[in-house]
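Everything on this sheet refers to the single structure shown next.
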Amino acid sequence: MIRSATTIANGTSIDSDVCVIGAGPAGITIANELAGSRTAVCVLESGNRRMPAVPDPMLDVECTHLAIANDSRVRALGGTTKVWTGGSRATLPTGVARAAAMHAADGAQ
Ligand SMILES: Cc1cc2nc3c(=O)[nH]c(=O)nc-3n(C[C@H](O)[C@H](O)[C@H](O)COP(=O)(O)OP(=O)(O)OC[C@H]3O[C@@H](n4cnc5c(N)ncnc54)[C@H](O)[C@@H]3O)c2cc1C
1 MIRSATTIAN GTSIDSDVCV IGAGPAGITI ANELAGSRTA VCVLESGNRR
51 MPAVPDPMLD VECTHLAIAN DSRVRALGGT TKVWTGGSRA TLPTGVARAA
101 AMHAADGAQ
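Take the sequence shown: its letters are residues 1 to 109, numbered as in my numbering.
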């Protein structure tokens, strides 16, 4: 169940065993792993379902030793996957199988 916090009254308590902060790939993966178990999970996401208006002032970062661009993160359900361009396709099962086959072929020579 996904609920907008704007529909939940101030001061409401949410009972859960685990509270995951952020519905990016990390948070969603953890919640998905726990789904169906006896552990009650609550995921709190700061953004909405859609991309926020740009620029999003809540993404401002102050960092003295790293240059972190504000548009390198997305505050929305799904997190930064909202702006993926498919760069991880090579790690999907077909890509892994192809890489394993090429590795095996290399070893056979
Ligand atoms: C342009 C671009 C393209 C990319 N393409 C790929 C790709 O093709 N393949 C790939 O593997 N990786 C890609 N990446 C990298 C990948 O997006 C990140 O490594 C990944 O999103 C990190 O996941 P995360 O869950 O840790 O953080 P995020 O995706 O940043 O998600 C964090 C979530 O937590 C929420 N949040 C943060 N703080 C709070 C708070 N206090 N309370 C509530 N919610 C909060 C945020 O709103 C956000 O939704 C890309 C990155 C960029 C910028």
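For every residue, glycine included, the Cβ atom is placed at its ideal position computed from N, Cα and C.
Beta-bridge annotation (DSSP): residue 21 is paired with 44. At least one heavy atom of ligand 1 sits closer than 6 Å to the Cβ of residue 83. Less than 7 Å divides the Cβ of residue 74 from the Cβ of residue 83. In the three-state reduction of the DSSP assignment, residue 76 falls in the strand class, which pools E and B. The C-beta of residue 28 has 16 or more other C-beta atoms within 10 Å across all chains shown, which makes the residue buried.
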